[in-house]
Amino acid sequence: MTSENDDTGARAGDLEITPAGAGVGIRVTTPSGELSLICTPARARDLATALGLAADEAESARSVDPVTVRADELRRGDVRDGDRAMTVDAVRTDGATAHITWKSGAGRSWNQLYDADALITLRRRGRRPGA
Numbered sequence: 245m246t247s248e249n250d251d252t253g254a255r256a257g258d259l260e261i262t263p264a265g266a267g268v269g270i271r272v273t274t275p276s277g278e279l280s281l282i283c284t285p286a287r288a289r290d291l292a293t294a295l296g297l298a299a300d301e302a303e304s305a306r307s308v309d310p311v312t313v314r315a316d317e318l319r320r321g322d323v324r325d326g327d328r329a330m331t332v333d334a335v336r337t338d339g340a341t342a343h344i345t346w347k348s349g350a351g352r353s354w355n356q357l358y359d360a361d362a363l364i365t366l367r368r369r370g371r372r373p374g375a
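Counted the way my numbering counts, the sequence shown spans residues 245 to 375.
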């Protein structure tokens, strides 16, 4: 799959996304033909969110077993095991307390405090910084 960015939009493999006046143009090329659509920026964001959630679900289906870590060992990108996708956005440890910023698949963020040694079950581990 190729990935390109230029002044007019983005291209990843057979998917092209470009500004289209006040809307967003999306063109997908498949062996059986081409699909083009134009949608509002809000609908494009909804589509991006839905694609992100579907990607999370597809990746989680590939996971073999959940992993459990201490709250102070969480790292950005870790995905909590449960009914809804919750991704670690930031971690700060203050003595015996871990301050975790979570982000939902819909883009909402919130903070929770945990004992540093509290066990958190993850669906998927995030990448280490620099990895």
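Glycine residues also receive a C-beta, built at the ideal position from the N, C-alpha and C atoms.
Exercise for review: Return the chain-ordered list of same chain residues with a C-beta closer than 6 angstroms to the C-beta of Thr331, the five sequence neighbours on each side being excluded.
Suggested key: Counting only Cβ-Cβ distances below 6 angstroms, and skipping sequence neighbours, we find Val323, Lys347.
**Study point:** Cβ neighbour criterion (16 or more within 10 Å) applied to Arg367
**Key:** By the neighbour-count criterion, in which a residue is buried when 16 or more other Cβ atoms sit within 10 angstroms of its Cβ, Arg367 is buried.
Check your understanding: What are the start and end residues of each continuous beta strand (DSSP E) run of 3 or more residues lying completely inside the region 264-290, in chain order?
Key -> If only uninterrupted beta strand (DSSP E) runs of at least 3 residues are considered, those enclosed by the region 264-290 are 267-274, 277-283.
Review point. Do Arg314 and Ala266 have their C-beta atoms closer together than 8 angstroms?
Key: Not in contact: Arg314 and Ala266 (Cβ atoms no closer than 8 angstroms).
Review point. What are the boundary residues of the beta strand (DSSP E) that includes Asp309?
Key: Asp309: not part of any beta strand (DSSP E); DSSP gives it neither H nor E.
Review point. Rounded C-beta distance between Arg320 and Asp333? I'm assuming under 8 angstroms.
Key: Arg320 to Asp333, Cβ: 6 angstroms. Contact.
Exercise for review: Could you work out which residue in Ala264, Ile270, Arg336, Gly326 is closest to Asp300 when comparing CA atoms only?
Suggested key: Taking each of Ala264, Ile270, Arg336, Gly326 in turn and checking the Cα distance to Asp300, the smallest one comes out for Gly326.
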